[in-house]
Amino acid sequence: MLPIPAEELNGSGTLGPYWTFYRAVAAEQLNRWLPAEPSVILDLSGGRGRWSGQAAKAGHRVIEVLDFRRTVDGQSRLRDADRVRHVRADDLAFLPDASVDAVLAEERVMSIELMAESAMSDVARVLRPGGRALVCVDSLVLGMAILAEQEQWQHLRQTGEVMLVPWPDGSITRCFSSGQLRELLMGAGLEVEWMRPRTVLSPSTVDHVLGSDTRSLTWLVRTELEAHPDDDDTVGIHLVASARKC
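Right under this line is the structure:
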């Protein structure tokens, strides 16, 4: 079953209620994950989300590594200037070992980064002992859906190998099973705390509930986050994991 049509994956299609729900879930997951005490957080999400702003508002100092290929809104830079430092860099060589308390790798950054093993090793290097990383990647469910829409049937059985999927815009995404994501994190020397699909509620369910009563968004988000589909990579377009450096 195709979870979401490819034209909807950038959030610009007809599934507006679902993407409203998705963003609310992601924001609440981050709220629950952020350190309780003021900390130094490295954001590798490339300026594609609001993760740095959310962490800064929670009282943390943030180093946001920006993607050279994208333009960051100037007003956002000024608004967050007191707590967010923006850096344009190809890698993390500018940071010394054990220099940050937490790392955000949202916006599918480890799927876009095809050399994910090297990037994750660098994440582990800059984390202090006890520091944590929050990682979001494209799932095999998403990869198989895209391949099916492209009628690339011969590749759908290769789920035991690294799955590299071409997108219509010419980019490549690396899709992970839960086992592959666990291997990525453990291979960098991190201990996996938990892993789950970002959302398990279907777009049709979310659309139906929100269509009946828009005030039910809070209830839907709470229901989603109280579900415990650990390591279940049979649903959801993205996998999210939290890992700790021992």
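Under my numbering, the first residue of the sequence shown is numbered 87, with each subsequent residue one higher.
Glycine residues also receive a C-beta, built at the ideal position from the N, C-alpha and C atoms.
Subject >> Inter-residue CB distance, glutamate 193 and glycine 139 (contact presumed, cutoff 8 angstroms) >> reply: With a Cβ gap of about 14 angstroms, glutamate 193 and glycine 139 do not count as contacting.
Original post:
Are there 16 or more other CB atoms within 10 angstroms of the CB of proline 252, so buried, or fewer, so exposed?
Top reply: exposed
Original post:
For threonine 106, which option in Thr304, Gly275, Pro182, Pro215 has the closest C-alpha, if you only look at C-alpha atoms?
Top reply: Thr304
Original post:
Is aspartate 224 helix, strand or coil when you go by DSSP?
Top reply: strand
Subject >> Backbone CA spacing between serine 302 and glycine 102 [nearest angstrom] >> reply: 15 angstroms
Subject >> Assigned secondary structure, leucine 324 (DSSP; H/G/I helix, E/B strand, else coil) >> reply: Checking the displayed sequence, the identity of residue 324 turns out to be histidine instead of leucine. Looking at histidine 324 - three-state DSSP - the assignment turns out to be strand.
Original post:
Residue range of the alpha helix (DSSP H) that glutamate 114 falls in?
Top reply: 102-119
Subject >> Outcome for proline 283 when other beta-carbon atoms lying within 10 angstroms are tallied against a minimum of 16 >> reply: buried
Subject >> Contact check, arginine 260 vs methionine 272, beta carbons under 8 angstroms >> reply: no
Subject >> valine 173 burial status per 10 Å Cβ neighbour count (16 or more: buried) >> reply: exposed
**OP:** Compare the C-alpha of tryptophan 119 against each of Val221, Ala231, Ser207, Val212 and name the closest.
**Re:** Val221
Original post:
In three-state DSSP terms, what is serine 162?
Top reply: The predicted model places serine 162 with a pLDDT of 47, which falls under 50 and marks its position as unreliable, so this point remains unresolved.
Subject >> Residues near proline 124 in its chain [Cβ-Cβ closer than 8 angstroms; skip 5 each side] >> reply: Gly145, His146, Arg147
Original post:
Would you say the segment 221-231 touches the segment 286-293, given that touching needs at least three Cβ pairs under 8 angstroms?
Top reply: no
Original post:
How about valine 170 and valine 189: do their beta carbons lie closer than 8 angstroms?
Top reply: no
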